Each structure stands twice: as structure tokens, then as C-alpha cells.
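> Pasting a structure below so you can have a look.
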Amino acid sequence: ILTYHVVPGNVSSGQVVKMTSAKTVQGGSVKISAKDGAVMIDGAKVVKADVAASNGVIHVIDSVIVPPTDDVVATAIAAGGFGQLAGALTSANLVSALQGKGPFTVFAPTDAAFAKLSAVPSGDALKDVLLYHVVEGAIGSGNLKAGSVPTLLSSKNLLIDLSSGVKVNSSNVTTANILTKNGIIHVVDSVLVPN
């Protein structure tokens, strides 16, 4: 828990307010939001910023933050609305892979997104579709860059568009930065299908 409160480097409040997440010494990532003059770190409010120290900077928060304990799969299941995704991961034998160390960034389609498909793929085609939703590394929405991003599906990339919200291919990110112990989930409103 203590190392989850520490981010490597000398990160000033001016830098923090431009971030949506930061990797901690513990290995997980904290979620950062700056709205209406309040800066929140995983739900804790920054009450004093930029306290100088000889080896860094301290930002005082109003509560203890605790690292997530669930992996990508368990977090999605607990959130609800991802029954189709959970079933597909089981069918494609990918559950244990996404329970691994990671970190992973998962663009997770909801049950409503799966309902838009005329038919849910099966076998190797299903595995390919699911791997196409996963990117190596924990990438918060504020760290996404417009352009092509490689996926775990060999030689297949996603296209990130930041011109109006966050789009992945033609799908919208409806909820961003759901932190897990081994990565980040961004919820998308359509299933991403490799071409």
C-alpha cells in the first residue's frame, strides 16, 4: 500500500493536472482527475500540493489509497454488463492469459456492443477478435496518442482518434480508466473486428 502512494520522478502539480493516470512504484497505476479546481488520485483529494523535499515532491491527499486487487477479467465481471465478453474469453481460452502479470490495456465491449453483431464469431475467429481488443502496457486515456496502436493480434493495429472524444476504430470509449491490478479497461460501445 505504501509504494502504491509513490510515483517515480519529481512530478509537480502542473504536470499532475495534465495526467489521467500514473504508474506507481508498487507496479499498479493510480487514476488522476482534475476538475473544477479539485485534483483526485484514486478518489482521494489532493489537499496540499508541491511540498518540496530533498529527493522529490509531496502532494498531500485526504485518505489512504489502496491498489486494485482484481485482474482485468475479474474487474470486468464485477462491473456487470460484460457477460458476453466473459463468456467469449472462456470459449477462446483467454481467461488465464488476461489474468497474467500484464500490464494490459483492454478495450472492453459491453453486452450491448455484442448485441449489435449479426453473429458472434467462434473458434479461431473469436480468439482473433478478442486479442484485437488488447494492447500491451497500461495506457490511460490521457496517454493515448492518435494513430495506429499494435494489438495482441499479430500484425493487426487499432486506430485511435482523439478529435472528438476517444474513438477506437469506429467505436466510442464510453468509460475510461477502470484500473485493475494488471492493467486498465476502457469500455467501448462496439465490438472491434479486425479486417
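Numbering (this note's numbering), first residue to last: 2 to 196.
Backbone N, C-alpha and C define an ideal beta-carbon position, used for all residues, glycine too.
Quick caveat, the model's predicted, so the values are computed rather than measured.
Distance check for Thr-76 and Thr-181, CA to CA, integer angstroms please.
Their Cα atoms are separated by approximately 7 Å.
> Going along the chain, which residues of its own chain have a beta-carbon closer than 6 Å to the beta-carbon of Pro-151, five neighbours each way excluded?
Cβ neighbours of Pro-151 beyond the five flanking positions: Asn-158.
> Along the alpha helix (DSSP H) that carries Asp-129, what are the first and last residues, could you check?
Note, Asp-129: alpha helix (DSSP H), 124-132.
> Could you check the C-alpha separation between Ile-161 and Val-73 for me, to the nearest Å?
Taking the straight line from one Cα to the other gives about 21 Å.
> From this set, Ser-119, Val-189, Asp-63, which residue's C-alpha is nearest Thr-176's C-alpha?
Ranking the options by Cα distance to Thr-176, first place goes to Val-189.
> Taking just the CA atoms, how far does Ser-119 sit from Gly-184?
So the alpha carbons of these two residues sit roughly 30 Å apart.
> The ligand ZN heavy atoms versus the CB of Asn-178: any closer than 6 Å?
Here there are no bound small molecules, and the ligand ZN is not part of this structure.
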